[in-house]
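In my numbering, the protein residues as written are 1072 to 1302.
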(Lines of atoms letter the chains of each structure in order from A and count residues from 1; the text may use other names and numbers.)
(Lines give C-alpha, C1' and ligand atoms only; values in the text may rest on other atoms or scores of the structure.)
Protein backbone atom coordinates (compact mmCIF):
# COMPACT_ATOMS: atom_id res chain seq x y z
CA UNK A 1 0.00 0.00 0.00
CA UNK A 2 1.23 3.48 -0.78
CA UNK A 3 2.33 5.84 1.97
CA UNK A 4 -0.58 7.62 3.61
CA UNK A 5 0.13 11.03 2.14
CA UNK A 6 -1.75 13.35 -0.19
CA UNK A 7 1.53 13.75 -2.08
CA UNK A 8 0.62 10.46 -3.78
CA UNK A 9 -2.81 11.67 -4.90
CA UNK A 10 -3.04 12.74 -8.57
CA UNK A 11 -3.15 16.52 -8.93
CA UNK A 12 -6.40 16.39 -10.91
CA UNK A 13 -8.12 14.56 -8.02
CA UNK A 14 -6.83 17.09 -5.48
CA UNK A 15 -8.04 19.89 -7.76
CA UNK A 16 -11.62 18.71 -7.22
CA UNK A 17 -11.32 19.24 -3.46
CA UNK A 18 -12.73 22.29 -1.72
CA UNK A 19 -10.65 25.42 -1.08
CA UNK A 20 -12.21 25.78 2.38
CA UNK A 21 -10.30 24.66 5.46
CA UNK A 22 -13.18 24.04 7.80
CA UNK A 23 -14.81 20.88 6.49
CA UNK A 24 -14.04 17.36 5.29
CA UNK A 25 -14.10 18.18 1.57
CA UNK A 26 -10.76 20.02 1.56
CA UNK A 27 -8.74 16.82 1.12
CA UNK A 28 -8.87 13.55 -0.79
CA UNK A 29 -10.25 10.39 0.81
CA UNK A 30 -10.60 6.71 0.13
CA UNK A 31 -14.03 5.59 -1.05
CA UNK A 32 -15.50 2.12 -1.48
CA UNK A 33 -17.11 1.81 -4.90
CA UNK A 34 -17.84 -1.25 -7.03
CA UNK A 35 -16.37 -3.43 -4.25
CA UNK A 36 -12.96 -1.73 -4.64
CA UNK A 37 -11.07 1.15 -3.03
CA UNK A 38 -10.93 4.41 -4.95
CA UNK A 39 -9.26 7.74 -4.19
CA UNK A 40 -11.71 10.62 -4.47
CA UNK A 41 -11.95 14.37 -4.14
CA UNK A 42 -14.95 16.71 -4.37
CA UNK A 43 -16.08 20.21 -3.45
CA UNK A 44 -19.76 19.42 -3.91
CA UNK A 45 -19.84 20.80 -7.46
CA UNK A 46 -17.37 18.48 -9.18
CA UNK A 47 -15.84 15.17 -8.14
CA UNK A 48 -12.86 13.18 -9.37
CA UNK A 49 -12.11 9.54 -8.61
CA UNK A 50 -9.36 7.12 -9.58
CA UNK A 51 -9.29 3.41 -8.80
CA UNK A 52 -6.36 3.31 -6.38
CA UNK A 53 -5.81 2.52 -2.69
CA UNK A 54 -3.39 5.18 -1.46
CA UNK A 55 -3.90 4.57 2.23
CA UNK A 56 -5.98 7.70 2.76
CA UNK A 57 -8.59 7.96 5.53
CA UNK A 58 -12.13 7.00 4.51
CA UNK A 59 -14.55 9.78 3.67
CA UNK A 60 -17.29 10.63 6.16
CA UNK A 61 -19.52 11.71 3.29
CA UNK A 62 -22.19 9.35 1.97
CA UNK A 63 -20.99 8.56 -1.54
CA UNK A 64 -23.61 5.90 -2.27
CA UNK A 65 -26.10 8.48 -3.60
CA UNK A 66 -23.65 10.36 -5.80
CA UNK A 67 -21.75 7.42 -7.27
CA UNK A 68 -24.48 6.31 -9.63
CA UNK A 69 -23.77 6.37 -13.34
CA UNK A 70 -26.70 7.73 -15.40
CA UNK A 71 -28.72 4.93 -16.97
CA UNK A 72 -28.43 6.30 -20.51
CA UNK A 73 -26.31 5.23 -23.50
CA UNK A 74 -22.73 6.56 -23.31
CA UNK A 75 -21.25 8.97 -25.86
CA UNK A 76 -17.60 8.66 -26.89
CA UNK A 77 -15.47 11.51 -25.56
CA UNK A 78 -11.98 12.68 -26.52
CA UNK A 79 -10.44 14.04 -23.32
CA UNK A 80 -7.79 15.99 -25.22
CA UNK A 81 -10.50 17.84 -27.11
CA UNK A 82 -12.46 18.45 -23.89
CA UNK A 83 -9.34 19.76 -22.17
CA UNK A 84 -8.78 22.14 -25.07
CA UNK A 85 -12.41 23.28 -24.87
CA UNK A 86 -11.94 24.03 -21.16
CA UNK A 87 -9.12 26.42 -22.19
CA UNK A 88 -6.42 24.64 -20.20
CA UNK A 89 -2.82 25.63 -20.77
CA UNK A 90 -0.95 23.30 -23.15
CA UNK A 91 0.48 20.16 -21.55
CA UNK A 92 3.76 21.01 -19.83
CA UNK A 93 3.19 24.77 -19.98
CA UNK A 94 3.26 26.54 -16.62
CA UNK A 95 0.33 28.84 -15.86
CA UNK A 96 1.33 32.46 -16.47
CA UNK A 97 -0.92 33.67 -13.67
CA UNK A 98 0.47 31.68 -10.74
CA UNK A 99 3.61 30.00 -12.14
CA UNK A 100 2.04 26.62 -11.53
CA UNK A 101 1.29 26.89 -7.78
CA UNK A 102 -2.48 27.37 -8.36
CA UNK A 103 -2.73 30.33 -5.97
CA UNK A 104 -1.80 34.02 -5.94
CA UNK A 105 -1.44 36.58 -3.12
CA UNK A 106 -4.83 37.92 -2.02
CA UNK A 107 -5.54 41.20 -3.77
CA UNK A 108 -7.62 42.51 -0.85
CA UNK A 109 -4.94 42.22 1.84
CA UNK A 110 -1.87 42.10 -0.45
CA UNK A 111 -0.94 38.69 0.91
CA UNK A 112 -0.92 39.80 4.55
CA UNK A 113 -3.94 37.85 5.76
CA UNK A 114 -5.24 40.90 7.59
CA UNK A 115 -6.78 44.15 6.39
CA UNK A 116 -8.57 47.22 7.69
CA UNK A 117 -12.34 46.91 7.85
CA UNK A 118 -14.94 49.46 8.79
CA UNK A 119 -16.50 48.67 12.15
CA UNK A 120 -20.11 49.32 13.11
CA UNK A 121 -18.73 52.17 15.23
CA UNK A 122 -17.57 53.87 12.04
CA UNK A 123 -13.86 53.45 12.65
CA UNK A 124 -11.39 51.27 10.75
CA UNK A 125 -9.98 48.27 12.59
CA UNK A 126 -7.35 45.71 11.66
CA UNK A 127 -9.01 42.29 11.27
CA UNK A 128 -8.75 39.00 9.42
CA UNK A 129 -9.14 39.53 5.68
CA UNK A 130 -12.68 38.78 4.60
CA UNK A 131 -11.57 37.75 1.10
CA UNK A 132 -8.98 35.07 1.88
CA UNK A 133 -10.04 34.57 5.54
CA UNK A 134 -6.48 34.95 6.77
CA UNK A 135 -4.95 32.43 4.34
CA UNK A 136 -3.03 35.20 2.50
CA UNK A 137 -3.67 33.54 -0.88
CA UNK A 138 -6.62 33.05 -3.21
CA UNK A 139 -7.05 30.52 -6.03
CA UNK A 140 -5.58 31.43 -9.40
CA UNK A 141 -8.54 32.30 -11.63
CA UNK A 142 -6.68 31.14 -14.73
CA UNK A 143 -6.03 27.52 -13.79
CA UNK A 144 -7.77 26.88 -10.46
CA UNK A 145 -10.87 29.08 -10.13
CA UNK A 146 -12.64 29.09 -6.80
CA UNK A 147 -15.87 27.06 -6.80
CA UNK A 148 -17.86 30.11 -5.67
CA UNK A 149 -16.63 32.41 -8.41
CA UNK A 150 -15.15 32.50 -11.86
CA UNK A 151 -18.20 30.86 -13.43
CA UNK A 152 -18.07 30.46 -17.20
CA UNK A 153 -21.39 29.13 -18.45
CA UNK A 154 -20.97 26.83 -21.42
CA UNK A 155 -22.93 24.05 -23.11
CA UNK A 156 -21.44 20.58 -22.74
CA UNK A 157 -23.46 18.28 -24.96
CA UNK A 158 -27.02 19.26 -23.93
CA UNK A 159 -26.28 20.53 -20.40
CA UNK A 160 -25.00 23.86 -19.07
CA UNK A 161 -21.87 23.63 -16.94
CA UNK A 162 -19.20 25.82 -15.39
CA UNK A 163 -16.30 25.60 -17.84
CA UNK A 164 -13.98 27.25 -15.29
CA UNK A 165 -14.68 24.47 -12.80
CA UNK A 166 -14.00 21.84 -15.45
CA UNK A 167 -10.72 23.61 -16.28
CA UNK A 168 -9.75 23.41 -12.61
CA UNK A 169 -9.69 19.59 -12.76
CA UNK A 170 -8.50 19.14 -16.35
CA UNK A 171 -5.52 21.48 -15.96
CA UNK A 172 -3.31 18.58 -14.77
CA UNK A 173 -5.31 15.77 -16.34
CA UNK A 174 -2.90 13.32 -18.04
CA UNK A 175 -4.47 13.17 -21.50
CA UNK A 176 -1.17 12.05 -23.01
CA UNK A 177 -1.57 8.74 -21.13
CA UNK A 178 -3.65 6.30 -23.20
CA UNK A 179 -5.54 5.27 -20.06
CA UNK A 180 -6.94 8.79 -19.71
CA UNK A 181 -7.20 9.88 -23.35
CA UNK A 182 -10.53 8.25 -24.21
CA UNK A 183 -13.71 8.31 -22.17
CA UNK A 184 -17.49 8.30 -22.34
CA UNK A 185 -20.04 10.96 -21.42
CA UNK A 186 -23.46 10.40 -19.89
CA UNK A 187 -26.09 12.74 -18.52
CA UNK A 188 -29.60 11.56 -17.72
CA UNK A 189 -31.17 15.03 -17.89
CA UNK A 190 -30.39 18.75 -17.67
CA UNK A 191 -30.67 18.77 -13.86
CA UNK A 192 -28.37 15.79 -13.27
CA UNK A 193 -24.60 15.49 -13.14
CA UNK A 194 -22.53 14.97 -16.25
CA UNK A 195 -20.65 11.69 -15.87
CA UNK A 196 -17.24 11.23 -17.55
CA UNK A 197 -15.77 7.76 -17.23
CA UNK A 198 -12.52 6.31 -18.55
CA UNK A 199 -12.89 3.62 -21.18
CA UNK A 200 -11.22 1.11 -18.86
CA UNK A 201 -13.49 2.05 -15.96
CA UNK A 202 -10.61 3.11 -13.70
CA UNK A 203 -11.42 6.81 -13.28
CA UNK A 204 -14.44 9.12 -13.15
CA UNK A 205 -15.12 12.86 -13.26
CA UNK A 206 -18.64 14.08 -12.51
CA UNK A 207 -19.77 17.70 -12.63
CA UNK A 208 -23.04 19.28 -11.58
CA UNK A 209 -24.90 21.50 -14.09
CA UNK A 210 -25.33 25.22 -13.57
CA UNK A 211 -28.70 25.78 -15.18
CA UNK A 212 -31.32 23.32 -16.46
CA UNK A 213 -32.62 25.77 -19.07
CA UNK A 214 -30.29 25.76 -22.09
CA UNK A 215 -32.35 28.51 -23.73
CA UNK A 216 -30.79 31.03 -21.31
CA UNK A 217 -27.44 30.69 -23.07
CA UNK A 218 -26.69 33.11 -25.91
CA UNK A 219 -26.48 31.59 -29.37
CA UNK A 220 -22.73 32.18 -29.54
CA UNK A 221 -22.01 30.64 -26.11
CA UNK A 222 -19.17 28.08 -25.99
CA UNK A 223 -20.45 24.59 -26.86
CA UNK A 224 -18.88 21.15 -26.86
CA UNK A 225 -19.01 19.51 -29.26
CA UNK A 226 -19.61 22.29 -31.76
CA UNK A 227 -23.15 20.99 -32.35
CA UNK A 228 -25.05 19.45 -29.44
CA UNK A 229 -26.19 15.85 -29.60
CA UNK A 230 -29.14 14.15 -28.00
CA UNK A 231 -28.33 12.74 -24.57
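Virtual Cβ for every residue (Gly too), placed ideally from N, Cα, C.
For this session: Decide if residue 1201 is buried, meaning its Cβ has at least 16 other Cβ atoms within 10 Å, or exposed.
Result: exposed
Problem set entry | Residue span of the alpha helix (DSSP H) that contains residue 1235, given as start and end | 1234 to 1241
Exercise. Which runs of the alpha helix (DSSP H) spanning at least 4 residues fall entirely within the region 1108 to 1175, listed in chain order?
Worked result: 1150 to 1156
For this session: Report the rounded CA-to-CA distance for residue 1288 versus residue 1276, giving the unit in angstroms.
Result: 24 Å
For this session: Look at the alpha carbon of residue 1179 and the alpha carbon of residue 1212, and state the distance between them as a whole number of angstroms.
Result: 15 Å
Problem set entry | Length of the line joining the Cα atoms of residue 1246 and residue 1198 | 44 Å
For this session: Could you say which of 1295, 1081, 1195, 1242 lies nearest to residue 1265 if we only look at CA atoms?
Result: 1295
For this session: Could you tell me whether the region 1112 to 1126 touches the region 1139 to 1151, where touching means 3 or more Cβ pairs closer than 8 Å?
Result: no
Exercise. Cα separation between residue 1228 and residue 1098?
Worked result: 30 Å
Exercise. So, helix, strand or coil for residue 1288, using DSSP?
Worked result: coil
For this session: Could you check how far apart the C-beta atoms of residue 1095 and residue 1130 are, in whole angstroms? I think they sit under 8 Å.
Result: 7 Å
For this session: Classify residue 1197 as helix, strand or coil using the three-state DSSP reduction.
Result: strand
Problem set entry | One or two residues paired with residue 1187 in a DSSP bridge | 1197
Problem set entry | CA nearest to the CA of residue 1087, picked from 1280, 1271, 1238 | 1238
For this session: Would you identify the three-state DSSP class for residue 1249, choosing helix, strand or coil?
Result: helix
Exercise. Which residues share a DSSP beta bridge with residue 1256?
Worked result: 1146, 1267
Problem set entry | Sub-8 Å separation of residue 1083 and residue 1244 beta-carbons | yes
For this session: State the Cα-Cα distance for the pair residue 1236 and residue 1154, rounded to the nearest angstrom.
Result: 12 Å
Exercise. Along the chain, where does the alpha helix (DSSP H) that runs through residue 1082 open and close?
Worked result: 1082 to 1085
Exercise. Relative to the alpha-carbon of residue 1210, which residue among 1173, 1234, 1232 has its alpha-carbon at the smallest distance?
Worked result: 1173
For this session: Identify the continuous beta strand (DSSP E) that holds residue 1105 and give its terminal residues.
Result: Residue 1105 -> no beta strand (DSSP E), and no H or E assigned at all.
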